[in-house]
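Just add 112 to the spot in the sequence shown (first one is 1) and you have the numbering used here.
Backbone N, C-alpha and C define an ideal beta-carbon position, used for all residues, glycine too.
Below is one structure, written out as structure tokens, with a few remarks after it.
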Amino acid sequence: MRIFNTSGACTPEAHYTVMREALVAYGETLVEDGRFFTIFAPRQTGKTTYFQLLFRRLKQVGYTPVRVSLEGMKTLARPKFYQTLGRRLARGLIEQEIEVVLHFEDQIDLQNSLEKAQWGHSKLVLVIDPNPQILSERAL
Numbered sequence: 113m114r115i116f117n118t119s120g121a122c123t124p125e126a127h128y129t130v131m132r133e134a135l136v137a138y139g140e141t142l143v144e145d146g147r148f149f150t151i152f153a154p155r156q157t158g159k160t161t162y163f164q165l166l167f168r169r170l171k172q173v174g175y176t177p178v179r180v181s182l183e184g185m186k187t188l189a190r191p192k193f194y195q196t197l198g199r200r201l202a203r204g205l206i207e208q209e210i211e212v213v214l215h216f217e218d219q220i221d222l223q224n225s226l227e228k229a230q231w232g233h234s235k236l237v238l239v240i241d242p243n244p245q246i247l248s249e250r251a252l
């Protein structure tokens with residue numbers, strides 16, 4: 113029996129969920145086209161549920177989606193920010209059964225590490241869950 117969920121992401125098998133098939137298909141098209149995209153919406157409007165549904169779809173067609181949160185990183189100095197980002201990204205990859213060691217201290221190291229990494233037969237889709245305060249105060 114499904115229930116109404118009033119906090120956190122919805123799981124369609126457990127919760128009544130607006131599936132938004134067209135929006136998920138559009139996100140898949142953007143990923144397939146190699147496009148960057150952002151989603152801005154107020155809290156509790158379904159962003160996390162949307163990405164969970166998109167991740168399911170992307171996994172079905174051979175992508176490896178990984179979510180990385182920037183929460184709690186607002187006050188970190190730049191080298192520590194990138195070190196923490198590397199640990200969080202590595203943790204997300206381990207959850208996808210991809211063992212990798214990532215170490216970087218700036219955006220150039222980040223780019224080089226991601227370009228050199230071996231993802232097997234799948235393509236990496238990186239979703240960064242930003243804290244808007246971080247993005248307004250520093251350029252990544």
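Backbone CA spacing between residue i and residue j [nearest angstrom]
| i | j | result |
| --- | --- | --- |
| F216 | E133 | 37 Å |
| E125 | P191 | 42 Å |
| L197 | T141 | 27 Å |
| Q195 | M113 | 44 Å |
| L226 | T160 | 24 Å |
| R155 | E207 | 26 Å |
| T150 | Q219 | 19 Å |
| F148 | F116 | 32 Å |
| L222 | V213 | 12 Å |
| E249 | K186 | With a pLDDT of only 49 at E249, under 50, the local geometry of the prediction cannot be trusted, and no value is derived from it. |
| Y128 | T118 | 10 Å |
| I210 | G184 | 25 Å |
| K228 | V143 | 20 Å |
| Q157 | T123 | In the sequence under discussion, the amino acid at residue 157 is Thr, which differs from the Gln named in the question. Between T157 and T123, the C-alpha separation is close to 14 Å. |
| Y138 | R199 | 30 Å |
CB contact flag (residue i, residue j, <8 Å)
| i | j | result |
| --- | --- | --- |
| G146 | V178 | no |
| Y162 | S234 | no |
| Q164 | A121 | yes |
Residues of its chain near residue i, where Cβ-Cβ distance is below 6 Å and the 5 sequence neighbours each way are ignored
| i | result |
| --- | --- |
| P242 | L182 |
| I240 | V180 |
| M131 | none |
| V136 | L165, L166 and R169 |
| L236 | T176 |
Beta-ladder partner(s) of residue i, from DSSP
| i | result |
| --- | --- |
| V180 | I240 |
| K235 | Y175 |
| I210 | Per DSSP, none; premise fails for I210. |
| H127 | I115 |
Cutoff 8 Å; reference residue i; Cβ partners in own chain excluding five residues on either side
| i | result |
| --- | --- |
| A153 | K159 |
| L201 | V178, V180, L214 and L238 |
| N224 | F216 |
* Okay, do the segment 190-206 and the segment 163-172 touch, 3+ Cβ pairs below 8 Å being the bar? -> no
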